[in-house]
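Start counting at 1 in the sequence shown, then tack on 1, and there's your number in this note's numbering.
Input: a single structure, listed below in structure tokens.
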Amino acid sequence: MKLTKRGHYSVKALLDLSLQAPGHLASVKAIAQRQNLPAPYLEKLLIELRRANLVVSVRGVQGGYRLARPAADISLGEILAAVGETASPLRSYAPDISQAEDWVTFSIWKRLHEKMKEAVYGISLEDLYYDARSWQASQGENASFVV
2 MKLTKRGHYS
12 VKALLDLSLQ
22 APGHLASVKA
32 IAQRQNLPAP
42 YLEKLLIELR
52 RANLVVSVRG
62 VQGGYRLARP
72 AADISLGEIL
82 AAVGETASPL
92 RSYAPDISQA
102 EDWVTFSIWK
112 RLHEKMKEAV
122 YGISLEDLYY
132 DARSWQASQG
142 ENASFVV
């Protein structure tokens with residue numbers, strides 16, 4: 002699985018939102034600044050994440066984004082899928098079933114894909130939140146958080 006900037010930035014943005022006070026709205030500018038991300042690109046990703054019902058947006062001067070559900074109910078797999086990330090092996094490849102080696106190697110890649118899919122859907126945003134908080138605690142009180 003190759004993680005692109007789209008996936009990486011989306012995870013960073015949602016993790017940033019999970020670290021905010023419950024119900025707190027964060028502007029694109031604030032998230033971009035905290036996470037050192039390009040705001041215009043982040044805004045496009047947040048629109049995709051909103052369409053996938055992972056974030057809620059509120060318009061206006063005091064508007065911004067917040068998580069649509071508790072972090073425990075959002076998986077890493079959902080975040081990545083929302084922005085088009087996939088770990089599909091050999092997307093348009095059809096094995097030659099008359100060759101055992103071809104069929105076996107294709108089967109291996111398929112099994113590995115299923116295991117990877119289980120893993121990314123088994124990791125919640127809450128898991129990442131606790132990892133981030135543990136890291137912050139290990140760095141001391143003055144640590145700022147950038148994913």
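For each residue, glycine too, the CB sits at the ideal point set by N, CA and C.
As the structure is a prediction and not an experimental result, all values here were calculated from the model.
Between residue i and chain B, is the shortest Cβ-Cβ distance under 7 Å, so that the two count as touching?
{"i": "A73", "result": "Although the question refers to chain B, the structure presented lacks it and comprises just one protein chain."}
Which residues mark the beginning and the end of the alpha helix (DSSP H) in which residue i is found?
{"i": "S58", "result": "Unbroken run through S58 is the beta strand (DSSP E), V56 to V59; no alpha helix (DSSP H)."}
{"i": "S28", "result": "Looking at the DSSP string, S28 is not in any alpha helix (DSSP H), and its letter there is neither H nor E."}
{"i": "G8", "result": "K6 to S19"}
Apart from the five residues on each side of it in sequence, which residues of its chain come closer than 8 Å, Cβ to Cβ, to residue i?
{"i": "L18", "result": "A27, I32, V56, Y66, R67 and L68"}
Opposite residue i in the DSSP bridges: which residues?
{"i": "L68", "result": "V56"}
{"i": "S125", "result": "S76"}
Taking the alpha carbon of residue i as the point to measure from, which residue in the options has its own alpha carbon closest?
{"i": "K3", "options": "H114, W136, Q137 and A133", "result": "H114"}
{"i": "A22", "options": "S135, G141, Y130 and W136", "result": "Y130"}
{"i": "W136", "options": "R7, L20, A53 and T5", "result": "L20"}
Closer than 6 Å by C-beta to residue i: which residues in its own chain qualify, once you throw out the five before and the five after it? Chain order, please.
{"i": "G1", "result": "This structure leaves residue 1 out entirely; the chain is present only between 2 and 148."}
Any contact between the region 28-48 and the region 104-113? By contact I mean 3 or more CB pairs, one from each, below 8 Å.
no
Any contact between the region 69-76 and the region 122-134? By contact I mean 3 or more CB pairs, one from each, below 8 Å.
yes
Any 3 or more C-beta pairs closer than 8 Å across the region 108-121 and the region 8-18:
no
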